[in-house]
Each structure stands twice: as C-alpha cells, then as structure tokens.
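Trainee:
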Amino acid sequence: MIDKTVLDVAAAVAGIRDGATVMIGGFGRAGQPVELIDALIAHGAGDLTVVNNNAGNGDTGLAALLAAGQVRKMICSFPRQSDSWVFDGLYRDGKVELELVPQGNLAERIRAAGAGIGGFFTPTGFGTQLAEGKETRRIDGRDYVLEYPIRADVALISARAADRWGNLVYRETARNFGPIMAAAAAVTVAQVDEIVPLGWLDPEAVITPGLYVDRVVAVGERPWLRDGEFVGGVDIEGRPLAEEGAEQ
Amino acid sequence: MIDKTVLDVAAAVAGIRDGATVMIGGFGRAGQPVELIDALIAHGAGDLTVVNNNAGNGDTGLAALLAAGQVRKMICSFPRQSDSWVFDGLYRDGKVELELVPQGNLAERIRAAGAGIGGFFTPTGFGTQLAEGKETRRIDGRDYVLEYPIRADVALISARAADRWGNLVYRETARNFGPIMAAAAAVTVAQVDEIVPLGWLDPEAVITPGLYVDRVVAVGERPWLRDGEFVGGVDIEGRPLAEEGAEQ
Amino acid sequence: MTTTRISRAALAARVASDIPEGAVVNLGIGAPTLVADFLPEGLEIVLHTENGMLGMGAAPARGQVDPDLINAGKQPVTALAGAAYFHHADSFAMMRGGHLDVCVLGAFQVSAGGNLANWSTGEPGAIPAVGGAMDLAIGAKDVYVMTDLLTKGGDPKLVAACSYPLTGVGCVSRVYTDHGVFDVTPDGFRVRELFGDNTHAEIEQLLGLELEA
Amino acid sequence: MTTTRISRAALAARVASDIPEGAVVNLGIGAPTLVADFLPEGLEIVLHTENGMLGMGAAPARGQVDPDLINAGKQPVTALAGAAYFHHADSFAMMRGGHLDVCVLGAFQVSAGGNLANWSTGEPGAIPAVGGAMDLAIGAKDVYVMTDLLTKGGDPKLVAACSYPLTGVGCVSRVYTDHGVFDVTPDGFRVRELFGDNTHAEIEQLLGLELEA
Chain L
490 MIDKTVLDVA AAVAGIRDGA TVMIGGFGRA GQPVELIDAL IAHGAGDLTV
540 VNNNAGNGDT GLAALLAAGQ VRKMICSFPR QSDSWVFDGL YRDGKVELEL
590 VPQGNLAERI RAAGAGIGGF FTPTGFGTQL AEGKETRRID GRDYVLEYPI
640 RADVALISAR AADRWGNLVY RETARNFGPI MAAAAAVTVA QVDEIVPLGW
690 LDPEAVITPG LYVDRVVAVG ERPWLRDGEF VGGVDIEGRP LAEEGAEQ
Chain Z
490 MIDKTVLDVA AAVAGIRDGA TVMIGGFGRA GQPVELIDAL IAHGAGDLTV
540 VNNNAGNGDT GLAALLAAGQ VRKMICSFPR QSDSWVFDGL YRDGKVELEL
590 VPQGNLAERI RAAGAGIGGF FTPTGFGTQL AEGKETRRID GRDYVLEYPI
640 RADVALISAR AADRWGNLVY RETARNFGPI MAAAAAVTVA QVDEIVPLGW
690 LDPEAVITPG LYVDRVVAVG ERPWLRDGEF VGGVDIEGRP LAEEGAEQ
Chain R
3 MTTTRISRAA LAARVASDIP EGAVVNLGIG APTLVADFLP EGLEIVLHTE
53 NGMLGMGAAP ARGQVDPDLI NAGKQPVTAL AGAAYFHHAD SFAMMRGGHL
103 DVCVLGAFQV SAGGNLANWS TGEPGAIPAV GGAMDLAIGA KDVYVMTDLL
153 TKGGDPKLVA ACSYPLTGVG CVSRVYTDHG VFDVTPDGFR VRELFGDNTH
203 AEIEQLLGLE LEA
Chain U
3 MTTTRISRAA LAARVASDIP EGAVVNLGIG APTLVADFLP EGLEIVLHTE
53 NGMLGMGAAP ARGQVDPDLI NAGKQPVTAL AGAAYFHHAD SFAMMRGGHL
103 DVCVLGAFQV SAGGNLANWS TGEPGAIPAV GGAMDLAIGA KDVYVMTDLL
153 TKGGDPKLVA ACSYPLTGVG CVSRVYTDHG VFDVTPDGFR VRELFGDNTH
203 AEIEQLLGLE LEA
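Chains as they are written, first to last, in our numbering: chain L, 490 to 737; chain Z, 490 to 737; chain R, 3 to 215; chain U, 3 to 215.
#1: How about residue 88 of chain R: is its C-beta nearer than 8 Å to some C-beta of chain Z?
#2: Nearest-angstrom Cα distance between residue 120 of chain R and residue 578 of chain Z?
#3: Kindly identify the DSSP beta-bridge partner or partners of residue 158 of chain R.
#4: Please report whether the beta-carbon of residue 511 of chain L lies at a distance below 8 Å from any beta-carbon of chain Z.
#5: Would you mind working out which of Z:608, Z:575, Z:567, Z:591 sits nearest residue 99 of chain R, comparing C-alpha positions?
#6: Give me the DSSP bridge partner(s) of residue 28 of chain U.
#7: Under 8 Å, with one C-beta from each stretch per pair, do the region 574-594 of chain L and the region 562-581 of chain Z reach the 3-pair mark?
#8: Which residue wins for smallest C-alpha separation from residue 595 of chain L, given the options R:48, R:53, R:209?
#9: According to DSSP, residue 729 of chain Z sits in a beta bridge with which residue or residues?
#10: Contact defined as beta carbons within less than 8 Å: I believe residue 644 of chain Z pairs with residue 673 of chain Z. What is the distance between those atoms, to the nearest angstrom?
#11: State yes or no: is the beta carbon of residue 195 of chain U nearer than 8 Å to at least one beta carbon in chain L?
#12: Report back the beta-carbon spacing between residue 49 of chain U and residue 27 of chain U to the nearest angstrom; my notes put them in contact at under 8 Å.
#13: Taking Cβ-Cβ distances shorter than 8 Å, what residues in chain U pair up with residue 490 of chain L?
#14: Output needed in chain order: residues of the region 685-719 of chain Z with a Cβ under 9 Å from some Cβ in chain L.
#15: Give, in chain order, every unbroken run of the beta strand (DSSP E) that is at least 3 residues long and sits entirely within the region 613-695 of chain Z.
#16: Would you kindly work out how many angstroms separate the C-alpha atoms of residue 6 of chain R and residue 193 of chain R, rounded to a whole number?
#17: Could you tell me which residues DSSP pairs with residue 78 of chain U in its beta bridges?
#18: From the DSSP output, in three-state form, read off residue 19 of chain R for me.
#19: Measuring only the C-alpha atoms, how far is residue 8 of chain R from residue 200 of chain R?
#20: Is the separation between the beta-carbon of residue 662 of chain L and that of residue 72 of chain R shorter than 8 Å?
#21: Count the other C-beta atoms from every protein chain shown that fall within 10 angstroms of the C-beta of residue 14 of chain U, then say buried if there are 16 or more, exposed otherwise.
#22: Three Cβ pairs or more, each shorter than 8 Å: is that satisfied between the region 179-198 of chain R and the region 720-734 of chain Z?
#23: Hey, is the region 703-711 of chain L in contact with the region 94-111 of chain U, meaning 3+ C-beta pairs nearer than 8 Å?
#24: Quick test of your reading: residue 639 of chain Z and residue 599 of chain Z, contact by CB under 8 Å. State the CB separation rounded to the nearest angstrom.
#25: Does the count of Cβ pairs from the region 543-562 of chain L and the region 676-687 of chain L closer than 8 Å reach three?
#26: Rounded to whole angstroms, what's the CA-CA distance from residue 139 of chain R to residue 57 of chain R? Just pull it up for me.
#27: For the region 123-132 of chain R and the region 610-630 of chain Z, state whether three or more C-beta atom pairs, one from each stretch, are separated by less than 8 Å.
#28: Considering only residues of the region 107-143 of chain R, which uninterrupted alpha helix (DSSP H) runs meet the minimum length of 4 residues and lie entirely inside it, listed in chain order?
#29: Taking residue 614 of chain L as the reference, give the member of R:180, R:130, R:135 with the closest Cα.
#30: Quick check on the DSSP output: the alpha helix (DSSP H) that includes residue 513 of chain L runs from which residue to which?
#31: Strictly by DSSP, which residues pair up with residue 587 of chain Z?
#32: If I measure Cβ to Cβ from residue 665 of chain L and keep anything under 8 Å in the same chain, skipping five residues before and after, which residues do I get?
#33: Assign residue 737 of chain L to one of two classes, buried (16 or more other C-beta atoms within 10 Å of its C-beta) or exposed (fewer than that).
#34: Within 8 Å of any Cβ in chain R, is that where the Cβ of residue 735 of chain L sits?
#35: So is residue 566 of chain L buried or exposed if we call it buried at 16+ other beta carbons inside 10 Å?
#36: Helix, strand or coil: how does DSSP classify residue 40 of chain U here?
Here it is in structure tokens:
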C-alpha cells in the first residue's frame, strides 16, 4: 500500500540538511506552510537557501525561520513589505543574501525545473538591471532573456486536503506556488488540513498529482473553515476577530 | 454582459480563412471536436495548416477534413495508425505535407506559445533525426535542443461544459491538448456538451479560464453520458453497442 | 503657473471609463487598485490578480475575511460567479502570453519611448523588491500608467529617458496623469486629453518636453 | 545452436517482478502494455498514460467502454481510486522532469551505450510517426526495454551501434529479452540473468558482441 502520510510535522521535515535549498510555498501568508516551518525551526537545519515569493511577514512562519538564523540566502521577488522587519534587519546587517527574481520568472524557473526544461527565453526583465549579464536573443521581433531552472532539495507546501497517494487539492489563492514547487524539489512535503480516504478527491480537480509528493501531514483545519466550508470570523492573518464591542 | 456563446457550429467557425493555421484538439478520437470539424468542412476554408497529435482516424472528424482536400500541411506526432488511411493516401500521393514533432515537444511548443515563452531547451529528441539542424546546448551536464513556440490563428477544441464567460471543464483523458491549444491560438472556439449558468462551474476545478476562449457552442451530450453521468453502452468510437444477440 | 490637477479618485474614474466591457484587467498595487471602485456598474469586466485568480470581486465584509482569498497587495477580496483559480506559473503565463487586455500600473518615470521605471529608485542601501512589476509591464495588450505628472518635488515623471532603473522597455501604451492623458507613440508622447484649462504649451513647459498634438 | 526463449507473457511477468510497490510506471504501446497484466496483485503501482492520467486501471467490461477514457494506444481503460487527470503539457512535463520511476518500451535496436532505436526503420517511403517515443525514452529514472534478443530474421537487436534512426541517446538502463536480462553499464551490456540453460558464450555468439559478466 502506498501511504505517504506521516504522523507529525517533525517526521515531515526529518532529514533536511544544513545547506539545503528549501522551497517554501505561499504568497504572503496565503498558502504558507506555517506548521512545517515551525517544525523546520525546531529541526534546526541551517545555512539554508530559501525560495519563496516574499521574505516573511511579521514574526511568524518564514519570518521566524529567518529570525532563527537558519537562512543564508533568500531567492524571492518581493522581500520588502510593510511587515518584513525581520528580513529587513538581517539584510541591512549583511546576515542574509538576496537573489531578486521577477515574480513570473521565479514561477517559470520553478516550473522549468519540474518540467525538465533546461532553460527558456522570457521577455520579462529584458533591458533591466535584473537581466544584466544574462544572455539575450531577439526571436520573431521580440527581445528575450535566457533564464534557467530553479531546483530544490526540499519543498514545504500547504494544501487543503490530500489522500494517502499524495494527491493534493488547494483552496482559492492559497494554491499559488504549491503545485510548481511540488514538482521542482527532490523531496516534497505537504501540510494539509485533512487527509481523506483514497478516491474521495475528484480526479478532475486534483491539482497536484501524488507523484510529486513524498510526505503529507495533517495539521488540522484552518480557523476560518469548518468541515471544509468557509465560516469566516477571522482577520487577514487568520486570528479570531475581537468581539464587536471591543473593536477600536 | 460577457456572452461568448454562439448559437450554432457554423457561427462558431465563421471567419476562418484560407491558409490559416488551425489547432484541433483531441488525442485520437478522445476530445476531438467532431462537430466543429464538420462545420469547418462545410465552411470550406482551404490551404490549412492543421496541428493535432494525429492525422485522423477512419473517415470522420479530422480524417474527413483531410479527405475534403482542405489541409495543406499537418503538424503532428503520430500520423500513422491502423485507421489513418485517409492521411496515408494523401501523404503517399504528395498531397499533404507533414511536420513530425515528438509528442511532448509538440505539447510544450504549444504551451510556450500561450505562455509567452520565446523558445526553450528540451532534452527530447536530442541526437535524433528530428533534431537535425536545430541548435543544441549542454546545460548542467545534460544535452538539450532549442525548440520554438507553435502558434495558431484558430483553435477548435472540445470540452464537457462551459459558462458564458468561456470557462471550461473537461472530462477524463479527453482533456489532452484542449487547455494548451486554447491558450496558443488567436481565436479559440470550444464545443461543449452543455453551457451552464455562470457560477455553476467550481472555480477550483475550472481547467481553462474564460480569457482563453472566444466562442463556445453547445453540441449536445455525448451518447455515453446522461445528465453528465457516465452510462456507457457504446464502443470506443462512441457508437451504440449492437444488441447482445446480434454480436459476432 | 497654475494648472488644473484632478484628484486621485477622479483619475481612477477617468482610467475606468476607458475600460470596455469584457476586458480582462490587472490593476497594480497602490493607486491603480482604486480603479476597481469606478468600473461602471452593470458592465462585466474580469479582474485578474497575479497570485492566481480571474474574476476577483470587491473587499469582503468584516467577519467574512478569508485569508486564503487575497489580491496581489495581500488584501482580502472576494470571488465573483465565473471566477477561476490557477497556480503562479499559469497566472504569469497568462500575462506574458498577452492574454490580458489591460494592466494599470503606477510609475516613478515613463519615457517618451514607452519605457517604464516603477520598481526601484536605485537608492543605495534600499532593499530591492520587484514582485510582478516586470511581468505586468510586458504582460498586457495595453499597459496604462496612472500617476501624477510631477513628483512631489516638482520633477517631471514623463521624461525623455528614465533615470531610474527600468521595469520594462517600450511597454507603456498610455499615461493617465492628474494633468491629462498621453499616448505613447513612435514619435513620443501625444496629448490625448488635457484636464480643465491646461494647455499643450503649459504641459510642455512643466515637462520640459515636446509633446505631439 | 538451440537456446532457451521464454514467451512474451513470461517476459512481461519477468519485467513486472522488478517493479516495486509505489513505482510510477509508463508502459509503452504494444508488448510493454502486457506488463500490466502481471503486476503483483495487492501491490499498488501507479500507471501513467501520457495522454493525461495517473492511476490507470484495467480495461472496462463491454458496455462500460468510455470513449473519453483511453490509454496512449487509444484503447479503453478505467480509472482507479486515487487517479488524476491533466493536460498534455503537464503530462509530458512529468516525464521529461524525471518524475516517473520506470518506462517500459519496445525496441528495434538497443546499443551497448544505451541508445534506443524504436520509432523508425528508416525505410524510404514509410510514413514516419514518433508519438511520445522520444519523450518516453528520456522520461523516467529507469528506462527498461522489452524485446526479443533477435529479429525474426535472426539479426541481433542488442548491437554495438544502432543502424536504425535513434529515439534517444544513452537512455536505456536495462533490456529484458526472451533470452535473458541485460543491464546497460558504462562498459556496455552486462548480463544480469540468463533464462534456462543459456550461457554467456552462447548469447555473445548470437549477438556477435562481448558482454560483461
């Protein structure tokens, strides 16, 4: 029997080594595998290269991993945000490297890694600082930059549900980088709200087929859902709303 | 109001010009937009370049379009089949050109056209006749061939259902080339079993978002379905099974 | 010289009035997001957000905020009937492949050749962040810029050549400013519309640039 | 010289016995399709068909044939619990990206360097057709070839260098033949197993090739 289920997040992140390249799903907080990141902090692997769209928000999740000093380099498109103080401080102190990649090139380079493409010509970034030193070519009258795949040792992603084969379904815009990171890493670990029996996921609607997934771990339902249905009652960070009377 | 619905297949294929490049969905018979092809035959545009995985089966669909003498060139991966006699005859008589493309490169070149990629390095075909004369490159120890996008003036595809925005859902392996062809053509026409009210398609399970689709036409349910459920009772070509007693 | 300047909201309304029914539109982070509030009621316009959705709706009511459903600015949004979700590579393929009709972006500078600078002022020590700006810049049939004509310090934002780092080359089709609307043509900026009593000569003087009529 | 040859079915069973539980496997058109009939019952092995499905099941009963649900050979199949559908670009990305564990393919010739020729005999006038052969050849961690050792005319199919047009370069990891099983190594073919009383020397003589022990 194929069973990619692991019992807890510690088992899910076991074996991640110092110096590894780790893709972490999510766009801002949506789809960020916070429980897996917490487990990676507890696990302690350091000198990591982390691939994510951003560089952490507030003090939790990816920001906490950065604060723990485990990250040597970030590959991302948009590190600087109103709440990226952890990264900002480390960067200004020279304690973390940054490779800045336009968001669509980041996505396509990750996709290329999973799809066995050795390189591709993209129009994005042509003529800008972010393409300096890169090979360019004019094809059919349009200018392109040659970009290469970004691969990873491990991908940590978040999805709504899985089955024991590792098939995944996502929810709304929390899908974002999950499917392409799952395909681009040697080992892919998915945290999900729930693991359902094999055959419960609609094969027309499986977004990440199980062959891309190595381990799945159930971490419980998000606070804004009940039995898979949206019930709300939280703020954008997922924290329960204060009582109406207490609101400022 | 956005309404991409057209009333009949004649309206769906209106405007296709002599000399056009036409992508036609389907893998063998599965997902082949037979009603649209019939309309294209009636429409009469000739000197066409047709992109399809195959080159027609039996005497219907793409084979009938070939038989009608409307196709100047086929771009495909697998023209020769047990029931490809129409293409076979035309090819041997020098009446149709053939550009043979490995199936995965065909799919990726179509995908590249829709995705704004100017070219890509693929390992498939390296060192073979089908890569002769093409640029090659060794990247990270693996050999690749540079391939370019395949675009089309029109894509004719088949899906199970649509809404008036042109969102599409497919059925099983009839999905095949539909989603990538929809994105690679200037004008995309989809035939569907049914057009459902806006909002009925699950946004998590829409495979082709409506922005890729220009016209949708309902052609009625496939004979092996009833109200969207599989009921069977047909052979692989979709023809009703003979009575048990009549079987040879 | 006193010139007419319209408000940010009026400018958003002006941009919105040029977007036809059925258009697929991406509104950049910041001021362009305002355009959504002025899209004509009753017209169906499909909003794309590059983090993986078509058919984006308005902000949700308090209590209905869904952390899984956000826009590119990471603000909560809703989904309209007809919406679809997709992953990041598919989302940017839509842009890069030219399937969006209109992107509306902010700018530090736009050049007469249609170059856009909107991601970095090149300040030493600043933390660079580009996000989807470079993809958006080349990612629509029409790229509209929405900006003030001048910086707060009075420097022109429509320039002969950008001094800030570029976001994209030759990508801007039209610039909506607080003073007027300008098309980017092979011959440089062409005045499309001037607000209030603004004259061609006044705007040329403010910019230090010749403008096509 | 009389050598032991096992049947096509026995060979399919021999291949099947080397496929571990959990493997993701693509079985090529023709003889390799037979392997599915010999996969051990009770073991979960995930079959990929390049026309857009993982978790392919056996042929359906008469009356249950679904024209939308076919394999790469365009034969009717079924879907197992745990199946998933995807489009052609995604399907071939899986292969090219190295996500399949095993592909089993037929061959006209395999060279000692692991080159595969299985799509064209190069006959003048023949209609060429390649399908997914070149993608499959480079599309799995292990590419197994399943073939007779000799053609019907008695010519070796394991050769020093392919004379037929290549499908892929250096891609084959192992060859299962009716006479025995051979690994492709940096030093050429290595005998892994010989069926019946077949000897190393006999096979070398049949092939006119030196084989590693």
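Glycine included, each C-beta is placed from N, C-alpha and C at the ideal position.
No experiment lies behind these values; they were computed from the predicted model shown.
Mentor: According to the structure data:
#1: Here residue 88 of chain R is taken as the residue at index 86 of the third sequence, counted from 1. Judged by the 8 Å Cβ criterion, residue 88 of chain R is in contact with chain Z.
#2: Translated into positions along the third sequence, residue 120 of chain R becomes position 118. Translated into positions along the second sequence, residue 578 of chain Z becomes position 89. One C-alpha to the other measures close to 59 Å.
#3: For the purposes of this step, residue 158 of chain R is identified with residue 156 of the third sequence, where counting begins at 1. Looking at the DSSP assignment, residue 158 of chain R forms a beta bridge with R:152.
#4: The sequence position of residue 511 of chain L within the first sequence is 22, counting from 1. No, because no Cβ of chain Z sits closer than 8 Å to the Cβ of residue 511 of chain L.
#5: Position 97 of the third sequence holds residue 99 of chain R. When only C-alpha atoms are compared, the closest one is Z:608.
#6: As a first step, residue 28 of chain U is located in the fourth sequence; it is residue number 26 there, counting from the start. The partner list for residue 28 of chain U (beta bridge, DSSP) reads U:50, U:105.
#7: no
#8: Working through the first sequence from its first residue, we reach residue 595 of chain L at position 106. Cα-wise, what sits closest to residue 595 of chain L is R:53.
#9: Taking the second sequence and counting its residues from 1, the one referred to as residue 729 of chain Z is at position 240. Paired residues: Z:723.
#10: Within the second sequence, numbered from 1, the residue matching residue 644 of chain Z stands at position 155. Within the second sequence, numbered from 1, the residue matching residue 673 of chain Z stands at position 184. About 7 Å separates the two Cβ atoms, so the contact holds.
#11: For this step, residue 195 of chain U is matched to residue 193 along the fourth sequence. Not an interface residue.
#12: Position 47 of the fourth sequence, counting from 1, holds the residue named residue 49 of chain U. Position 25 of the fourth sequence, counting from 1, holds the residue named residue 27 of chain U. So it is a contact: roughly 6 Å between Cβ atoms.
#13: Working through the first sequence from its first residue, we reach residue 490 of chain L at position 1. 23, 46, listed in chain order.
#14: 691, 692, 693, 694, 696
#15: 625-628, 631-636, 641-651, 674-684
#16: Position 4 of the third sequence, counting from 1, holds the residue named residue 6 of chain R. Position 191 of the third sequence, counting from 1, holds the residue named residue 193 of chain R. If you take the alpha carbons of residue 6 of chain R and residue 193 of chain R, they lie about 15 Å apart.
#17: For the purposes of this step, residue 78 of chain U is identified with residue 76 of the fourth sequence, where counting begins at 1. Looking at the DSSP assignment, residue 78 of chain U forms a beta bridge with U:72.
#18: Translated into the one-based positions of the third sequence, residue 19 of chain R becomes position 17. Three-state DSSP puts residue 19 of chain R in a helix.
#19: One-based indexing of the third sequence puts residue 8 of chain R at position 6. One-based indexing of the third sequence puts residue 200 of chain R at position 198. So the alpha carbons of these two residues sit roughly 11 Å apart.
#20: By one-based count along the first sequence, residue 662 of chain L stands at place 173. By one-based count along the third sequence, residue 72 of chain R stands at place 70. Yes. Within cutoff.
#21: By 1-based counting over the fourth sequence, the position of residue 14 of chain U is 12. Buried, since its Cβ has 16 or more Cβ neighbours within 10 Å.
#22: no
#23: no
#24: What you label residue 639 of chain Z is simply residue 150 of the second sequence in a count that begins at 1. What you label residue 599 of chain Z is simply residue 110 of the second sequence in a count that begins at 1. Yes, residue 639 of chain Z and residue 599 of chain Z are in contact; Cβ-Cβ is about 5 Å, under 8 Å.
#25: no
#26: Along the third sequence, one-based indexing puts residue 139 of chain R at 137. Along the third sequence, one-based indexing puts residue 57 of chain R at 55. Straight-line Cα distance between these residues: approximately 21 Å.
#27: no
#28: 135-139
#29: In the first sequence, counting from the first residue as 1, residue 614 of chain L sits at position 125. Of the listed residues, the one whose Cα sits closest to residue 614 of chain L is R:135.
#30: Locating residue 513 of chain L in the first sequence gives position 24, where the first residue counts as 1. Per DSSP, residue 513 of chain L belongs to no alpha helix (DSSP H); it is in the beta strand (DSSP E), 510-513.
#31: On the second sequence, position 98 is the one that residue 587 of chain Z refers to. BP columns for residue 587 of chain Z point to Z:563.
#32: Here residue 665 of chain L refers to the residue found at position 176 of the first sequence. Within the same chain, residue 665 of chain L has close Cβ partners 514, 515, 516, 519, 520, 542.
#33: Sequence index remark: in the first sequence, residue 737 of chain L carries index 248 (1-based). Its pLDDT being 43, under 50, residue 737 of chain L is placed unreliably by the model, and the measurement read from it follows with that caveat. By the 10 Å Cβ count, residue 737 of chain L comes out exposed.
#34: Mapped onto the first sequence, residue 735 of chain L falls at position 246. In this prediction, residue 735 of chain L scores a pLDDT of 47, lower than 50, which makes its location untrustworthy; the coordinate-derived value is nonetheless stated afterwards. Closer than 8 Å: no.
#35: Residue numbering aside, residue 566 of chain L sits at position 77 when the first sequence is read from its first letter. Classification of residue 566 of chain L: buried, given that the 10 Å Cβ count is 16 or more.
#36: Counted from its first residue, the fourth sequence places residue 40 of chain U at position 38. Three-state DSSP puts residue 40 of chain U in a helix.
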